[in-house]
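To start, the structure itself, in structure tokens.
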Amino acid sequence: MIQAPIKIKDKKDSEYIFRTPNFDEAQLILDSMVEIAASSPYILSTPESFRTRSLDLQIKWIKESEKSDVSIIIGAYDKSGKIIGFCNGSSYNDVKRKHRAALGVSIHPDYRGLGLGKRLMEVLIDNMKLFSGNKIIELDVMTENIPAIKMYESLGFKHGGIFPKAFILPDGKVIDNLTMYMEI
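If you're matching positions, the sequence shown starts at 644 in the working numbering and goes up one per residue.
This is the structure we're talking about:
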């Protein structure tokens with residue numbers, strides 16, 4: 644959990660707030676994620692997966708993250724308080740993988756290309772370093788999502804491997820998955 648809101652400026656000098664979401668924002672997060680997932684074929688979840696996710700489950704996820712020392716959610720908010728993106732990270736619980744953590748990031752299409760995804764990732768990575776036992780953080784990205792891959796590489800992520808034919812898009816297109824990792 645981020646202890647205090649962080650003020651961030653984008654490439655155009657507009658100001659945003661990064662903070663831990665409140666559980667009463669659960670529906671706003673779900674609505675935002677439906678919109679984000681619908682905006683790009685490269686988001687790993689579908690709009691339908693967010694539409695059908697129960698509000699109670701979303702609230703539980705936020706509340707558990709607030710109390711956790713191995714999981715974090717960071718929301719990105721514009722000046723009006725609109726959720727324009729978020730990222731999350733969580734350490735694995737099982738003994739053989741407890742040195743690893745998985746993370747993800749999503750930005751609303753109207754705010755892509757402004758450096759916010761990279762700034763969110765930097766804040767997330769800094770927080771993930773504080774989790775006890777984390778030595779490796781990892782993420783999955785579709786191999787055709789070149790802008791995201793370049794951003795992850797600029798942060799120090801390395802290519803871990805390809806899972807062929809990991810995704811089938813609604814139009815039938817098949818895309819491979821790239822797992823990337825960073826030692827921290």
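Quick reminder that beta carbons are idealized off the backbone N, C-alpha and C, glycines included.
Computed from a predicted structure; not experimentally measured.
Counting only residues of its own chain and dropping the five nearest sequence neighbours on each side, P690 has a CB closer than 7 Å to the CB of V677, A680, A681.
The C-alpha of F810 is placed about 6 Å away from the C-alpha of D819. Per the coordinates, the alpha-carbon of I792 lies some 21 Å from the alpha-carbon of A719.
Beta-bridge partners assigned by DSSP to G728: A719, I750.
Contact holds between the region 729-740 and the region 758-778, because three or more Cβ pairs, one in each stretch, are under 8 Å apart.
Per the coordinates, the alpha-carbon of V784 lies some 12 Å from the alpha-carbon of E796. Taken atom to atom, the span from the alpha-carbon of R740 to that of T695 is near 30 Å.
Taking a contact to require three or more Cβ pairs closer than 8 Å, the region 709-717 and the region 750-757 do not qualify as touching. When secondary structure is reduced to three states using DSSP, S733 falls in the strand class.
Non-local C-beta neighbours of P807 in its own chain, meaning closer than 7 Å and more than five positions away in sequence, comprise D819, ordered along the chain. Rounded to the nearest whole angstrom, the C-alpha separation of V748 and Y685 is 11 Å.
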